[in-house]
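Top to bottom, those sequences are chains D and B.
Here the first sequence is numbered in this note's numbering, starting from 1 and rising by one per residue.
Here the second sequence is numbered in this note's numbering, starting from 1001 and rising by one per residue.
All residues carry an ideal CB built from backbone N, CA and C; glycine is no exception.
Only one structure is covered here, and it is reproduced in the block below.
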Amino acid sequence: MTSMDWERSNVSTKGLFGGRWWLILVGLALGGLLGLADFIATGSTGRALIDVAIVGGYALILALFRSRSETASVLAGLPVDERWEAINLHALAAAGLIGAIVSLTGLVAAEVAGHDASGFGMVAGVIGISYIGSVIWFRWRL
Amino acid sequence: MQNDVRKLREDRFLSQGDLAKHLRVSRQTINAIETGKYLPSLPLAMAIGRYFGRAIEEVFRDDEHGLGAQ
Chain D
1 MTSMDWERSN VSTKGLFGGR WWLILVGLAL GGLLGLADFI ATGSTGRALI DVAIVGGYAL
61 ILALFRSRSE TASVLAGLPV DERWEAINLH ALAAAGLIGA IVSLTGLVAA EVAGHDASGF
121 GMVAGVIGIS YIGSVIWFRW RL
Chain B
1001 MQNDVRKLRE DRFLSQGDLA KHLRVSRQTI NAIETGKYLP SLPLAMAIGR YFGRAIEEVF
1061 RDDEHGLGAQ
């Protein structure tokens, strides 16, 4: 095994986005989906275009700067080396933890206030089940 | 965990960027290794040792409270 083998690791997030244009296309597709949902909900073309511009613009900026900035490279899904890969994994773990805390807090708060808590419950459930599933999966892979 | 990466690099008049380029990692990663903020993977530690012509344990030293310490 060489120092560069991390690039070919099965658990690497590298390769999630194959290239610059793929990243831009994914950003535009996601923005388009959000814009379409916004348009269906509100009937506002302006709001839909803003959704496309925000998500597509974010992807465009990452695609343009990923070769100049290691941080942009990580955000684009292409960490430049094993340390940035570790930073990416730590950031994902932190984001997952914050998501779990927010969804559980929202679930409890909505229940106490007598509001519909199903949205928070669904997100909390997905986070919890995917965490358990990931532990079981990576138990065999790592 | 301590290491002699900075000393070995400076002895050869290499910049962090030079070493990073050879090892195909970022300059910031070399800096993080030298300052002890980041512990490299075994393959990268082996590559560093190989580059300087040293065994891993000659470049990276565990402290007396490390894993397996008696």
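Min CB distance residue i to chain D below 8 Å
i	result
B:Asp1059	Looking at the sequence provided, one finds Val at residue 1059 of chain B rather than Asp. Taking Cβ atoms only, chain D never reaches closer than 8 Å to B:Val1059, which makes this a no.
B:Leu1044	yes
Residues near residue i by beta carbon distance below 8 Å, same chain, minus five either side
i	result
B:Met1001	Gly1036, Leu1039, Phe1060, Arg1061, Asp1062, Asp1063 and Gly1066
D:Ser67	Ser73
D:Ile61	Ala72
D:Leu49	Gly35
is_contact[residue i, chain B] using C-beta, thresh 8 Å
i	result
D:Asp116	no
D:Phe17	With a pLDDT of 46 at D:Phe17, under the threshold of 50, the predicted position of this residue should be treated as unreliable, though the coordinate-derived value follows. With 8 Å as the cut-off, D:Phe17 does not count as an interface residue toward chain B.
Three-way DSSP call (helix, strand, coil) for residue i in this model
i	result
B:Arg1009	helix
B:Arg1061	strand
Residues of its chain near residue i, where Cβ-Cβ distance is below 7 Å and the 5 sequence neighbours each way are ignored
i	result
D:Asn58	Before going further, note that residue 58 of chain D is Tyr rather than Asn in the sequence given. These residues qualify, in order along the chain: Gly27.
D:Ala74	Per the sequence presented here, residue 74 of chain D reads as Val, with Ala not at that position. Result list for D:Val74: Trp84, Ile87 and Asn88, in chain order.
D:Gly146	Look at the range of chain D in this structure, 1 to 142, and you will see that residue 146 of chain D is not part of it.
B:Ala1020	Ser1026, Arg1027, Thr1029 and Ile1030
The ligand SAM heavy atom lying under 7 Å from the CB of residue i
i	result
B:Gly1017	Because no ligand of any kind appears in the structure shown, any question about the ligand SAM cannot be addressed here.
Contact set for residue i: own chain, Cβ-Cβ below 6 Å, skip 5 residues either direction
i	result
D:Thr42	none
Exercise. According to a CB-to-CB cut-off of less than 8 Å, which residues of the stretch 61–83 of chain D neighbour chain B?
Worked result: Glu70, Val80, Asp81, Glu82 and Arg83
For this session: Quick one: which unbroken alpha helix (DSSP H) runs of 4-plus residues sit fully inside the stretch 57–136 of chain D? Chain order, please.
Result: 70–75 and 82–113
Exercise. Residues in the stretch 1015–1034 of chain B with C-beta within 7 Å of chain D's C-beta atoms, listed in sequence order?
Worked result: Leu1023, Arg1024, Val1025, Ser1026, Gln1028, Thr1029 and Ala1032
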